[in-house]
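Accompanying notes for the structure given below.
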Amino acid sequence: MTDSHAGLAAIARAFAIGAHAGQVDKAGNPYRGHVERVAGRVAAAGYGEEQQAAAWLHDTIEDCPGIDAALLAEVGFSPDVAAAVEALTKRPATDEQPKEEHLDAVRRACADPIAKVVKAADVADNSDPARLSVLPDDLRERLTEKYTRARALLDELGAPRFDGTSA
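According to this note's numbering, the sequence shown is numbered sequentially starting from 82.
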């Protein structure tokens, strides 16, 4: 970590908590808990400020109206962090393109070295049995299958594991 990155994760934390204020996850819990856990996994594994900042910010472009990579750069996040967050953002359907498939989004995220780390931590949190256990059976089964496939692709692409197992 260079001095220019010191405190970056704390700034990203404040930004993300503000951006996700009032949002809830599929179980009705404050959404901030998800980004806290993802960032916590990245920090606990010893990754640096840029990876931690991207972990805090990983859902801001996707879930928070008005936020894009240009805004993240404008408020002071490095081009690498802004690019990683953009790489982690699912591409919605447009008139020209269908909605991006989940595994295509995982593959695209893994092309960015910062995003690859964050995506692995994100999938670990999203597939956590404790989180999934409170969901309705049909949703839990669908998400378990979705994240099992994502984790297999992450293993294939050499992404780290944040679930206490090895590939």
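Ideal Cβ positions, reconstructed from N, Cα and C, are used throughout, including at glycine. Here the structure is a predicted model, which is why all the values come from computation and not from measurement.
Handout entry: Beta-carbon proximity check, Leu-238 vs Lys-180, cutoff 9 Å
Key = no
Practice task
Take Ala-151 and list the residues in its own chain whose beta-carbon comes closer than 8 Å to its own, dropping the five residues that flank it on each side.
Solution key: Ala-163
Handout entry: Backbone secondary structure at Thr-83 - three-state DSSP
Key = The predicted model places Thr-83 with a pLDDT of 41, which falls under 50 and marks its position as unreliable, so this point remains unresolved.
Practice task
Taking His-115 as the reference, give the member of Val-204, Gly-129 and Glu-155 with the closest Cα.
Solution key: Val-204
Practice task
State the start and end residues of the unbroken alpha helix (DSSP H) segment that holds Leu-235.
Solution key: For Leu-235, the enclosing alpha helix (DSSP H) covers residues 218-237.
Exercise for the section: Specify the secondary structure class of Val-123 as computed by DSSP and reduced to three states. Expected result: helix
Problem - Thr-141 burial status per 10 Å Cβ neighbour count (16 or more: buried) - result: buried
Exercise for the section: Kindly indicate which three-state DSSP category Pro-146 falls into: helix, strand or coil? Expected result: coil
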